[in-house]
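Number of protein chains: 2
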Amino acid sequence: MAPPDRPSEPSVGWAPPRLDEIIRGRGVTALRVVVRVWTPAAVAAAIEDLSVDDQVIAFRLLPRDVATDAFEYLPVGVQEGLLRAMAKEDVGRILNEMSADDRTMLLEELPAAATQQLLNLLSPEERATAVKLLGYPEGSIGRRMTPDYVRVRPEWTMERVLDHLRRHGHDSETLSVVYVIDEHGRPVGEVGIRKILLADPSTTVAEVATEGVTPLRATDPEETAIAAFRREGREALPVTDSAGVLIGIVTIDDVLDVAQTAATEAQQRFGGVETLDEPYMEIALTRMVRKRAGWLVVLFFGEMLTATAMSFFEKEIERAVVLALFVPLIISSGGNSGSQSASLVIRALALGEVGLRDWWRVIRREVVAGVSLGLILGTIGFARIAGWSLFSTLYGAHWFLVAMTVGLALVGIVLWGALAGSSLPFVLQRLGFDPASSSAPFVATLVDVTGLIIYFLVAAIILSGTLL
Amino acid sequence: MAPPDRPSEPSVGWAPPRLDEIIRGRGVTALRVVVRVWTPAAVAAAIEDLSVDDQVIAFRLLPRDVATDAFEYLPVGVQEGLLRAMAKEDVGRILNEMSADDRTMLLEELPAAATQQLLNLLSPEERATAVKLLGYPEGSIGRRMTPDYVRVRPEWTMERVLDHLRRHGHDSETLSVVYVIDEHGRPVGEVGIRKILLADPSTTVAEVATEGVTPLRATDPEETAIAAFRREGREALPVTDSAGVLIGIVTIDDVLDVAQTAATEAQQRFGGVETLDEPYMEIALTRMVRKRAGWLVVLFFGEMLTATAMSFFEKEIERAVVLALFVPLIISSGGNSGSQSASLVIRALALGEVGLRDWWRVIRREVVAGVSLGLILGTIGFARIAGWSLFSTLYGAHWFLVAMTVGLALVGIVLWGALAGSSLPFVLQRLGFDPASSSAPFVATLVDVTGLIIYFLVAAIILSGTLL
């Protein structure tokens, strides 16, 4: 029904009526009229601004279907708070009516005890679905799947498909596409809504169905779905079990969420932080410090080895203090080179451009790149010391040998940085960790310690008999 | 039409017939029959594997609509090669029939001269559209927009809408949703295909239209679209000009592409590499070395200041070589702290969680975090030197003062790292650069030079009269 008070020409910057004022006035009729024409996202946004008590009242007043739709658009943290504050029967109603994929996303965030309590509120049928979806490994496509889609048979006519859609399409996550299955329940094709609407009503599904969509597997990692959606350019993709039977679909809006969350985690891990899991401005400072302290302390212990390595060469430094001057320049160049390699390989792994089997080809590329970049920096380093020595005595009488030492050490260290930075993501992935954990600071620490050893060994060889 | 040779029960691991064999046998009928049932992505994948000559033949043999659809799914590099090899009239045909958003994506990658040549092949109407879309700034929503969508009026019945869809829906990018416009062409709501199919045919658009979708603006940056799609959870969003008039739509599949490309660029920039713009395994080694050498050399010149800073303190190092031992440990801790802050702030800026106006709140958080983390590392550093000094004489008689120096310097440097790492992205964004360019190596270099100065100043104060 169109609300009587609906403006005939809403302004362009659409400003929602204030939900809090309506609730305080207990304007039930106004509320129902207003929310009926809003998108679920707009209702959710208005509810999110309310206090928890008002949120509970709002959900009691809202029409059932509007309430459930809006609930799905709330952030998981707000959903949690609401469930705690709502009466049991309201919780049960919303959970039973939520779409299965959004429910999984909520349940997997809760502590195990809370999840169990909520599962008990579900109808036997919905509980079976929820438990099944939670049974897939974390980060797998199964967790993002919904069993709400429309299946048709090859011999059906478009008329029958349309009729079927009208009767069974209410709960489907998408109506953009219906799936054609064979007698074993395996997907053999799909028909888009465009063809259904535009084809002659007597055309059969077999005549217009599209082939060639490779289904996703429920146990495959989420990243596979991102790549598949980019390749196929569709709004939904079918998901099968290991026997190839169609068991659900994944929709592209969930995949966009997965992609953005994965990118956030990768960026934070690569920066050397445990993933925050909360927006930067909202996370409590103590929690953030704890998430940062972990890696920072681990790296600090690793970096302590540089002090140990330096103390091994204390005699050399005493004899030739000039060597100490270049320590920061040398080790940071190795770290920078390693950071470049790591970021390129981590992203290539995440996009599926390279896999574990490609490690040897990657290493070969990095050897060439590392030597080239090392020669460039080494030449600049040599030239800098040689150049200054024409006008000053800062680097002493043996400036040529010092310049040679720095130049050669740079070649070795930049190469070593490229190798370490490109190998570490592979090693971590092979061991079952996130490749993005080979963070810039991690690689830098790794390269710092070995870089010092390379530098002082080169110095010992070149400067032996003169400075050392 | 269903192909006569279509298997009644395709295998689950769908294996496409070999297109190259069909082409070599000039099996036109077979080809047309086979591709008719494939998805455009599958046709494109099969074509991509062919030689350029065979690709041209394939495009001549393919039915027109199949050819255009498949062309849109080819990577831009392959599209370019094909356009060069195809006859002028084939090029014109494909370009005229391509959807406007995919065409923009191709044209913006080409050199200006090539773009102009191709524009000349377009019909006056298509050329006007193409020029208009290319007129929006790079990286803006206008560039990802298509003018192919369905508009309806509030007073229309569902029956009329369905009829309109059947007649005008062929070229629309999506049929999931139609847009309701007022007499000025401004969007006032939308109706989903679900409601169109399920509502009574005599219901009017005004009765079922949904309000509350805030339109995107053509001149806004692409990142705005990513956030809006995540918030709204829709398959397409309307785009308006500055007067609020509906001028196109953006679909979620393009936004997924935008999001993934943006994440790749951010990861590479943060690692200190110019963005590759090509997959890691495909880019020519010389091009990759050039893309990496740029930043590496700039950072190397910056890092040279550490040698200058160190030479200022050469006398101090000569007198107390023990100070040199902790240089790598100290400066890397500052770099690690800065890398953490930068990665958190860069991602928060990219997600729109913080904006330029929040810089002061961010800095305040980072001061607290930096001091806390500095105290943790400082305490560990102090304890380590104190502990070793119980069993060895490595750090000399004044070990307590040395430990104090290292501990205090760590507090200052970790704090300085957090401040530099969190401010730099804001500064870059303010100056119109990509905040992600405040890479881990960039921040580390910034912190290294100032960190050395902090360290030696603290040493000068604490050790004056004893070691110095």
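Residue numbers (the working numbering), protein chains in the order written: chain V, -19 to 448; chain D, -19 to 448.
Note that beta-carbon positions come from the ideal geometry of N, C-alpha and C, so glycine has one too.
Just so we're clear, the structure is a prediction, and the values are computed from it rather than from any experiment.
Item to check | Within-8 Å CB hit, residue 131 of chain D to chain V | outcome: By 1-based counting over the second sequence, the position of residue 131 of chain D is 151. Not one chain V Cβ lies under 8 Å of residue 131 of chain D.
Checklist entry - For the stretch 27 to 79 of chain D, which segments carrying the alpha helix (DSSP H) assignment without a break, of at least 4 residues, lie completely within its bounds, in sequence order? => result 32 to 41, 44 to 52, 56 to 65 and 68 to 77
Next on the checklist: Using DSSP's beta-bridge definition, name the partner residues of residue 461 of chain D.
Outcome noted: Given that chain D is displayed from residue -19 to residue 448, the structure contains no residue 461 of chain D and the question cannot be resolved.
Item to check | Spatial distance of residue 47 of chain D from residue 219 of chain V (CA atoms) | outcome: Numbered from 1 along the second sequence, position 67 holds the residue referred to as residue 47 of chain D. Numbered from 1 along the first sequence, position 239 holds the residue referred to as residue 219 of chain V. About 28 Å.
Item to check | For residue 289 of chain V, the nearest candidate out of D:307, D:292 and D:276 (CA to CA) | outcome: For the purposes of this step, residue 289 of chain V is taken as residue 309 along the first sequence, with counting starting at 1. Looking at the Cα atoms, D:307 is the closest of the given residues.
Item to check | Chain-ordered chain A contacts of residue 145 of chain D [CB-CB under 7 Å] | outcome: You won't find chain A in this structure, because its protein chains are V and D.
Checklist entry - How would you write the range of the beta strand (DSSP E) that residue 159 of chain V sits in, first residue to last? => result As a working note, residue 159 of chain V is residue 179 in the first sequence. Here the beta strand (DSSP E) through residue 159 of chain V covers 157 to 161.
Checklist entry - Which residues of chain V have a Cβ atom closer than 9 Å to the Cβ of residue 276 of chain D, listed in chain order? => result Here residue 276 of chain D is taken as the residue at index 296 of the second sequence, counted from 1. Near residue 276 of chain D (Cβ distances below 9 Å), the residues of chain V are 313, 316, 317, 320, 353, 356, 357 and 394.
Item to check | Chain-order list of residues whose beta-carbon lies under 8 Å from that of residue 335 of chain D (same chain, five-residue window excluded) | outcome: Position 355 of the second sequence, counted from the start, is the residue given in the question as residue 335 of chain D. Closer than 8 Å at Cβ, skipping near neighbours: 329.
Checklist entry - Using the beta-carbon of each residue, which ones in chain D are nearer than 8 Å to residue 18 of chain V? => result Position 38 of the first sequence, counted from the start, is the residue given in the question as residue 18 of chain V. Those are 190, 191 and 192, listed as they occur along chain D.
Item to check | Chain-order list of residues whose beta-carbon lies under 6 Å from that of residue 428 of chain D (same chain, five-residue window excluded) | outcome: For this step, residue 428 of chain D is matched to residue 448 along the second sequence. So the list reads 286 and 311, once near-sequence residues are dropped.
Checklist entry - Going by the CB atoms, is the gap between residue 168 of chain V and residue 132 of chain V shorter than 8 Å? => result Here the question's residue 132 of chain V lines up with position 152 in the first sequence. Here the question's residue 168 of chain V lines up with position 188 in the first sequence. Not a contact, by the Cβ cut-off of 8 Å.
Checklist entry - Closest Cβ-Cβ distance between residue 440 of chain D and chain V: below 8 Å? => result Translated into positions along the second sequence, residue 440 of chain D becomes position 460. Answer no: the Cβ-Cβ gap between residue 440 of chain D and chain V never drops below 8 Å.
Checklist entry - Quick check: the stretch 401 to 421 of chain D against the stretch 313 to 328 of chain D, are there 3 or more CB pairs under 8 Å? => result yes
Checklist entry - Taking only runs of the beta strand (DSSP E) that begin and end inside the stretch 187 to 217 of chain D, which ones reach a length of at least 3 residues, in chain order? => result none
Next on the checklist: Quick check on this structure: which residue in D:248, D:17 and D:62 has the alpha carbon closest to the alpha carbon of residue 34 of chain D?
Outcome noted: What you label residue 34 of chain D is simply residue 54 of the second sequence in a count that begins at 1. That would be D:62, whose Cα lies nearest to the Cα of residue 34 of chain D.
Next on the checklist: Between residue 272 of chain V and chain D, is the shortest Cβ-Cβ distance under 8 Å, so that the two count as touching?
Outcome noted: Reading the first sequence from its first residue, position 292 is the one you call residue 272 of chain V. By this cut-off, residue 272 of chain V is an interface position.
Checklist entry - Using the rule of at least 16 other Cβ atoms within 10 Å of the residue's Cβ for burial, across every protein chain shown, is residue 441 of chain D buried or exposed? => result If you number the second sequence from 1, residue 441 of chain D lands on position 461. Counting Cβ neighbours within 10 Å, residue 441 of chain D comes out exposed, since fewer than 16 surround it.
Next on the checklist: Taking 8 Å as the limit between beta carbons, can you name the residues of its chain near residue 332 of chain D, skipping five residues before and five after?
Outcome noted: Counting from 1 along the second sequence, the entry for residue 332 of chain D is found at position 352. For residue 332 of chain D, where only same-chain residues beyond five positions count, the Cβ hits under 8 Å are 203, 204 and 207.
Checklist entry - Per DSSP, what kind of secondary structure is residue 299 of chain D in: helix, strand or coil? => result Taking the first residue of the second sequence as position 1, residue 299 of chain D is located at position 319. Here residue 299 of chain D sits in helix by DSSP.
Item to check | Span separating the alpha-carbon of residue 191 of chain D from that of residue 58 of chain V | outcome: Here the question's residue 191 of chain D lines up with position 211 in the second sequence. Here the question's residue 58 of chain V lines up with position 78 in the first sequence. Near 24 Å, if we compare the C-alpha coordinates of residue 58 of chain V and residue 191 of chain D.
Checklist entry - Is residue 354 of chain V near residue 394 of chain V, with beta carbons less than 8 Å apart? => result Residue numbering aside, residue 354 of chain V sits at position 374 when the first sequence is read from its first letter. Residue numbering aside, residue 394 of chain V sits at position 414 when the first sequence is read from its first letter. Yes, Cβ-Cβ distance for residue 354 of chain V and residue 394 of chain V is below 8 Å.
Checklist entry - For residue 366 of chain D, which residues from the same chain have a beta carbon less than 8 Å from its beta carbon, with the 5 sequence-adjacent residues on both sides left out? => result Locating residue 366 of chain D in the second sequence gives position 386, where the first residue counts as 1. Cβ neighbours of residue 366 of chain D beyond the five flanking positions: 379, 380 and 383.
Next on the checklist: At the level of alpha carbons, what is the spacing between residue 150 of chain V and residue 179 of chain D?
Outcome noted: The residue given as residue 150 of chain V occupies position 170 in the first sequence. The residue given as residue 179 of chain D occupies position 199 in the second sequence. C-alpha separation (whole angstroms): 11 Å.
Checklist entry - From residue 98 of chain V to residue 78 of chain V, what distance separates their C-alpha atoms? => result Stepping through the first sequence from its first residue, residue 98 of chain V is reached at position 118. Stepping through the first sequence from its first residue, residue 78 of chain V is reached at position 98. The alpha-carbon atoms of residue 98 of chain V and residue 78 of chain V are separated by roughly 13 Å.
Item to check | Beta-carbon gap between residue 351 of chain D and residue 388 of chain D smaller than 8 Å | outcome: Position 371 of the second sequence holds residue 351 of chain D. Position 408 of the second sequence holds residue 388 of chain D. No.
Item to check | residue 301 of chain V burial status per 10 Å Cβ neighbour count (16 or more: buried) | outcome: As a position in the first sequence, residue 301 of chain V is number 321, starting the count at 1. By the neighbour-count rule (16 or more Cβ atoms within 10 Å), residue 301 of chain V is buried.
Next on the checklist: Using the three-state DSSP reduction, which class does residue 20 of chain V fall into: helix, strand or coil?
Outcome noted: If you number the first sequence from 1, residue 20 of chain V lands on position 40. DSSP places residue 20 of chain V in helix when its eight states are reduced to three.
Next on the checklist: Which same chain residues end up closer than 7 Å to residue 342 of chain V when comparing Cβ atoms and leaving out the 5 residues on each side of it in sequence?
Outcome noted: For the purposes of this step, residue 342 of chain V is taken as residue 362 along the first sequence, with counting starting at 1. Counting only Cβ-Cβ distances below 7 Å, and skipping sequence neighbours, we find 325, 334 and 402.
Item to check | Pick from V:243, V:54, V:103 and V:369 that is closest to residue 86 of chain V, judged by C-alpha positions | outcome: For the purposes of this step, residue 86 of chain V is identified with residue 106 of the first sequence, where counting begins at 1. The candidate whose alpha carbon is nearest that of residue 86 of chain V is V:54.
Next on the checklist: Residues in the same chain with beta-carbon distance under 8 Å from residue 248 of chain D, minus the five sequence neighbours each way, listed in chain order, please.
Outcome noted: On the second sequence, residue 248 of chain D is found 268 positions in, with the first residue counted as 1. 254, 255 and 256, listed in sequence order.
Next on the checklist: Does the CB of residue 414 of chain V have a neighbour CB from chain D at under 8 Å?
Outcome noted: Numbered from its first residue, the first sequence carries residue 414 of chain V at position 434. No, residue 414 of chain V lies away from the interface with chain D (no Cβ there is under 8 Å from its Cβ).
Checklist entry - Can you pull the DSSP bridge partners for residue 226 of chain D? => result The count along the second sequence starts at 1 and reaches residue 226 of chain D at position 246. Paired residues: D:220.
Next on the checklist: Is it the case that the stretch 111 to 118 of chain V contacts the stretch 139 to 148 of chain V, given that we only count it when at least three CB pairs across the two stretches are under 8 Å?
Outcome noted: no
Next on the checklist: Is residue 124 of chain V close to chain D? Criterion is C-beta to C-beta, closer than 8 Å.
Outcome noted: The residue given as residue 124 of chain V occupies position 144 in the first sequence. Cβ-Cβ to chain D under 8 Å: no for residue 124 of chain V.
Next on the checklist: Checking the sheet assignment: what are the DSSP bridge partners for residue 172 of chain D?
Outcome noted: Here the question's residue 172 of chain D lines up with position 192 in the second sequence. Partner(s): D:157.
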